[in-house]
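Chemist:
Residue numbers (our numbering): 33 to 235.
(1) Between the alpha carbons of residue 41 and residue 35, how many angstroms are there, rounded?
(2) Ignore the nearest five residues each way along the sequence and tell me which others in residue 183's own chain have a CB closer than 6 angstroms to its CB.
(3) For the beta strand (DSSP E) that contains residue 45, what are its first and last residues?
(4) Do the region 56-64 and the region 109-125 touch if we need at least three Cβ pairs shorter than 8 angstroms?
(5) Could you tell me the alpha carbon to alpha carbon distance between residue 133 and residue 89, rounded to whole angstroms?
(6) Confirm, please, whether the CB-CB distance from residue 226 to residue 207 is below 8 angstroms.
(7) Going by beta-carbon coordinates alone, are residue 44 and residue 82 separated by less than 8 angstroms?
(8) Under the DSSP definition of a beta bridge, which residues are partnered with residue 211?
(9) Which residue marks the beginning of the beta strand (DSSP E) containing residue 199, and which one marks its end?
(10) Tell me the rounded alpha-carbon separation between residue 39 and residue 80.
(11) Beta-carbon within less than 6 angstroms of residue 49's beta-carbon, same chain only, minus the 5 sequence neighbours each way: which residues are those?
(12) Return the chain-ordered list of same chain residues with a C-beta closer than 6 angstroms to the C-beta of residue 69, the five sequence neighbours on each side being excluded.
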């Protein structure tokens with residue numbers, strides 16, 4: 033049973049700040065206590081599920097996921113806000129969640145690294161696919177890495193994620209039959225060895 037003022041995080045809009053399965057702890061707060069960079073749990077009017085995003089402006093309050101490129105298309109009212117996320121529990125370890133200016137720096141850093149990653153993907157794409165086909169790094173990686181499989185429900189069905197530590201390396205969407213392997217992890221994962229949706233649904 034969950035403790036009061038806690039919830040499990042599911043989704044990827046706040047990745048890698050949060051990963052599916054993280055237990056988030058929050059405290060109720062008034063609108064005047066919220067500053068840019070804080071992470072809020074809220075439920076906008078008309079939504080059936082809680083959302084966890086970071087505050088990008090106050091007066092009015094607007095939010096965006098750390099992993100999203102655009103600000104949410106709604107304005108929050110105090111009545112829609114459940115509270116401010118203060119910590120998380122992952123693998124039996126508790127972590128403080130950065131808010132305020134430190135939270136903004138973290139979110140900006142995540143987006144900056146994503147832009148750099150996309151630039152490098154274009155430059156090194158031929159080499160990347162050659163190494164991927166050869167499977168030169170898979171044996172070493174599979175000996176050293178610990179891979180976890182996580183499943184969570186979405187409106188269209190069950191979504192599966194493969195993770196190494198806190199990093200999502202592959203994703204099987206409810207409406208797809210093939211895994212999407214995140215670069216550069218195709219270097220380490222042979223897509224033909226991954227279980228299909230039919231196999232996963234039997235487990």
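All residues carry an ideal CB built from backbone N, CA and C; glycine is no exception.
Modeler: Walking through what the data contain:
(1) 14 angstroms
(2) 190 and 192
(3) Neither: residue 45 is in no beta strand (DSSP E) and is coded neither H nor E.
(4) yes
(5) About 12 angstroms.
(6) no
(7) Cβ atoms of residue 44 and residue 82: not closer than 8 angstroms.
(8) DSSP lists no beta-bridge partner residue for residue 211.
(9) 199-204
(10) Each residue's alpha carbon lies about 15 angstroms from the other.
(11) 98
(12) 131, 132, 133, 135 and 136
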